[in-house]
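Undergrad:
Residue numbers (our numbering): 1214 to 1674.
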């Protein structure tokens, strides 16, 4: 017989926490990082989620800003900046799986003017290379590449952006295991200037002193969303997105381009694949009678295959604002002051498999219905779990306190199976699958957040 084992941690009161981050399994323990603004802690649990102890992570609190917390197999790393009058002293704390401080070092002192505004970061698939970057000006991007294991700044530089291209907007960044960075910008993605619509790709290599750029015209369509991905096994860069014409909520099809990492400037070409009418009918049944498009769909995940192909997963996501007659506005974390409340819809999934020649192998529709109100859709969507021969998509059947958890499972040939995994009735759980982490080929861990209490939940198959 097949069965699941579900373990639940003690209640953790996070009322006073600014942020908390599930770090997953590090060494033999499961760790949770908690940030209370002036204090940072790590909660340590054993493999059965039995609480062991709490330890403070020693970070200078006055004039500091945490940029990234990166877990690895045997430790996790806190990257932060200590602000001086004219400089930012970039520092690294290394904490092991027991929550004990292993090392503390200063990586570099950099000009404070370069750290103005909101910093972003991206990290490589092996989590050893971290790129901190900040668009200091409209025509510049300041970058710092960190090597976690070497405990050093690999390079820092400022990249010039071609500002003669109007309507240029940053879209995505990926970092390769060998320390190269790939930036994606999009130009004139609007119907009034569609003739100039194009993607601008910047590849920053080596010591950051050399980069190349490529312009990919896309004037026939507008893009609904666009993403970059790196296939480390086959050393390829993927650019993928959905395209539309005038209605930005409706997708006519998808586009993608694959190119070798060392030759993206000249080798990347876009393939445009319209959705077939029969597939649209499969998604909507008899409901869709007018426009043959996928409405409110976005690309959620890309999984690279061993042979150089890939699978992409799209999800239907929609927000609906309910207005009230109250003279007092309500504050939304994502949208600021609003006049009403928000309904969230996370519904059906579409899955496409592309082979290494760029041809469509198969496609599937996975049906689900998720609806919630005023919760930032924290309990909606799904968790993607990779096993040696299958992919599992786990999700809440309904967004409520006592709920059934289901999964879709499909193999490389597109054969799909759906089943019920567990029931949370009487357990007082509200599982956040979108925040889960896979810790083994047969186990995942995810948070359950109810009121001010957090529980960690481990599911083993």
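Think of the CB as a built atom: it goes at the ideal place given N, C-alpha and C, for glycine as much as any other residue.
Can the beta-carbon of residue 1667 be found closer than 7 Å to that of residue 1221?
TA: Cβ atoms of residue 1667 and residue 1221: not closer than 7 Å.
Undergrad: Is it the case that the Cβ atoms of residue 1462 and residue 1388 are separated by a distance below 7 Å?
TA: No. Outside cutoff.
Undergrad: Under 8 Å: do the stretch 1428-1439 and the stretch 1455-1474 share three or more Cβ pairs, one atom per stretch?
TA: The stretch 1428-1439, when compared against the stretch 1455-1474, does touch it at the 8 Å Cβ threshold.
Undergrad: Does the distance from the C-beta atom of residue 1592 to that of residue 1643 stay below 7 Å?
TA: It is a contact, given that the beta carbons lie within the stated cut-off.
Undergrad: So what's residue 1493 in DSSP terms, helix, strand or just coil?
TA: It is helical.
Undergrad: To test your reading of the DSSP string, which unbroken beta strand (DSSP E) runs of 3 or more residues are found completely within the stretch 1372-1418?
TA: Qualifying beta strand (DSSP E) stretches, in chain order: 1381-1388, 1394-1400, 1411-1418.
Undergrad: Straight-line CA distance for residue 1599 to residue 1324?
TA: Approximately 42 Å between the Cα atoms of the pair.
Undergrad: Quick check on this structure: which residue in 1256, 1555, 1517, 1582 has the alpha carbon closest to the alpha carbon of residue 1565?
TA: Cα-wise, what sits closest to residue 1565 is 1517.
Undergrad: Does the stretch 1607-1622 come close enough to the stretch 1576-1596 that 3 or more CB-CB pairs lie under 8 Å?
TA: With a cut-off of 8 Å, the stretch 1607-1622 and the stretch 1576-1596 count as touching, because enough Cβ pairs lie within range.
Undergrad: Can you tell me the Cα-Cα spacing of residue 1646 and residue 1237, whole angstroms?
TA: Rounded to the nearest angstrom, the two C-alpha atoms are 14 Å apart.
Undergrad: Tell me which residues share the same chain as residue 1442 and place their Cβ nearer than 6 Å to its Cβ, disregarding the 5 neighbours each side in the sequence.
TA: Excluding residues within five positions, the ones whose Cβ falls inside 6 Å are 1451, 1515.
Undergrad: On the premise that residue 1354 lies in contact with residue 1399, defined as a C-beta separation below 8 Å, what is that separation, rounded to the nearest angstrom?
TA: Contact doesn't hold; Cβ gap of about 15 Å is too wide.
Undergrad: Does residue 1222 come out as helix, strand or coil in the three-state DSSP assignment?
TA: Reduced to three states, the DSSP call for residue 1222 is coil.
Undergrad: Compute the distance between the beta-carbons of residue 1269 and residue 1254, then report whether it is under 7 Å.
TA: Yes.
Undergrad: As a quick exercise: from 1507, 1533, 1521, pick the residue whose alpha carbon is nearest that of residue 1527.
TA: When each option's Cα is compared against that of residue 1527, the closest is 1507.
Undergrad: Output yes if chain C places a C-beta closer than 7 Å to the C-beta of residue 1610; else output no.
TA: Absent from the structure is chain C; it holds one protein chain and no more.
Undergrad: Output needed for residue 1655: all residues of its chain with C-beta closer than 8 Å, excluding positions within five of it in sequence on either side, in chain order.
TA: Counting only Cβ-Cβ distances below 8 Å, and skipping sequence neighbours, we find 1600, 1673, 1674.
Undergrad: Under the three-state reduction of DSSP, which class applies to residue 1476: helix, strand or coil?
TA: Helix.
Undergrad: Since residue 1429 contacts residue 1481 with CB under 8 Å, what's their CB separation in whole angstroms?
TA: Correct: roughly 7 Å between the Cβ atoms.
Undergrad: For residue 1341 and residue 1302, what's the separation of their Cα atoms in angstroms?
TA: If I take the Cα positions, the gap works out to 20 Å.
Undergrad: Going straight from the alpha carbon of residue 1551 to that of residue 1558, what length do you get?
TA: Legend: pLDDT at residue 1551 = 49, less than 50; position of this residue unreliable, value from coordinates given subsequently. Residue 1551 and residue 1558: Cα-Cα distance of roughly 19 Å.
Undergrad: How would you label residue 1626, buried or exposed, when you count the other beta carbons within 10 angstroms and need 16 or more for buried?
TA: It counts as exposed.
Undergrad: Looking at the strands, I want to know which residues DSSP matches up with residue 1213.
TA: Since the first residue of the chain shown is 1214 and the last is 1674, residue 1213 is not available in this structure.
Undergrad: How far does the beta strand (DSSP E) with residue 1356 in it reach, from first residue to last?
TA: Note, residue 1356: beta strand (DSSP E), 1353-1360.
Undergrad: Between 1415, 1663, 1365, which lies nearest to residue 1474 when the distance is taken from Cα to Cα?
TA: Comparing Cα positions, the closest option is 1415.
Undergrad: Use the C-beta contact count for residue 1318: other C-beta atoms within 10 angstroms, 16 or more gives buried, fewer gives exposed.
TA: Per the 10 Å Cβ criterion, exposed.
Undergrad: Which first and last residues belong to the beta strand (DSSP E) in which residue 1513 is found?
TA: Looking at the DSSP string, the run of the beta strand (DSSP E) that includes residue 1513 is 1510-1517.
Undergrad: Quick one: using the 10 Å Cβ neighbour count with 16 as the cut-off for buried, is residue 1662 buried or exposed?
TA: Classification for residue 1662: buried.
Undergrad: Report the partner residues of residue 1651 according to the DSSP bridge assignment.
TA: Answer by DSSP bridge pairing, in chain order: 1657.
Undergrad: Where residue 1476 and residue 1383 are concerned, what is the direct C-alpha to C-alpha distance, given to the nearest angstrom?
TA: Roughly 21 Å between the two C-alpha positions.
Undergrad: Is DSSP giving residue 1248 helix, strand or coil here?
TA: The answer is strand: DSSP assigns residue 1248 an E or B state.
Undergrad: What are the start and end residues of the beta strand (DSSP E) that includes residue 1432?
TA: Taken as a continuous stretch (DSSP letters only), residue 1432 belongs to no beta strand (DSSP E), as it is neither H nor E.
Undergrad: Just to confirm the assignment, what range does the beta strand (DSSP E) spanning residue 1626 have?
TA: Element bounds for residue 1626: n/a, residue is neither H nor E.
Undergrad: For the beta strand (DSSP E) that residue 1605 lies in, which residues bound it at each end?
TA: Unbroken beta strand (DSSP E) run through residue 1605: 1604-1609.
Undergrad: Can you tell me whether residue 1302 is helix, strand or coil according to DSSP?
TA: Of the three classes helix, strand and coil, the one that applies to residue 1302 here is strand, per DSSP.
Undergrad: So is residue 1276 buried or exposed if we call it buried at 16+ other beta carbons inside 10 Å?
TA: The residue is exposed, with fewer than 16 neighbouring Cβ atoms inside 10 Å.
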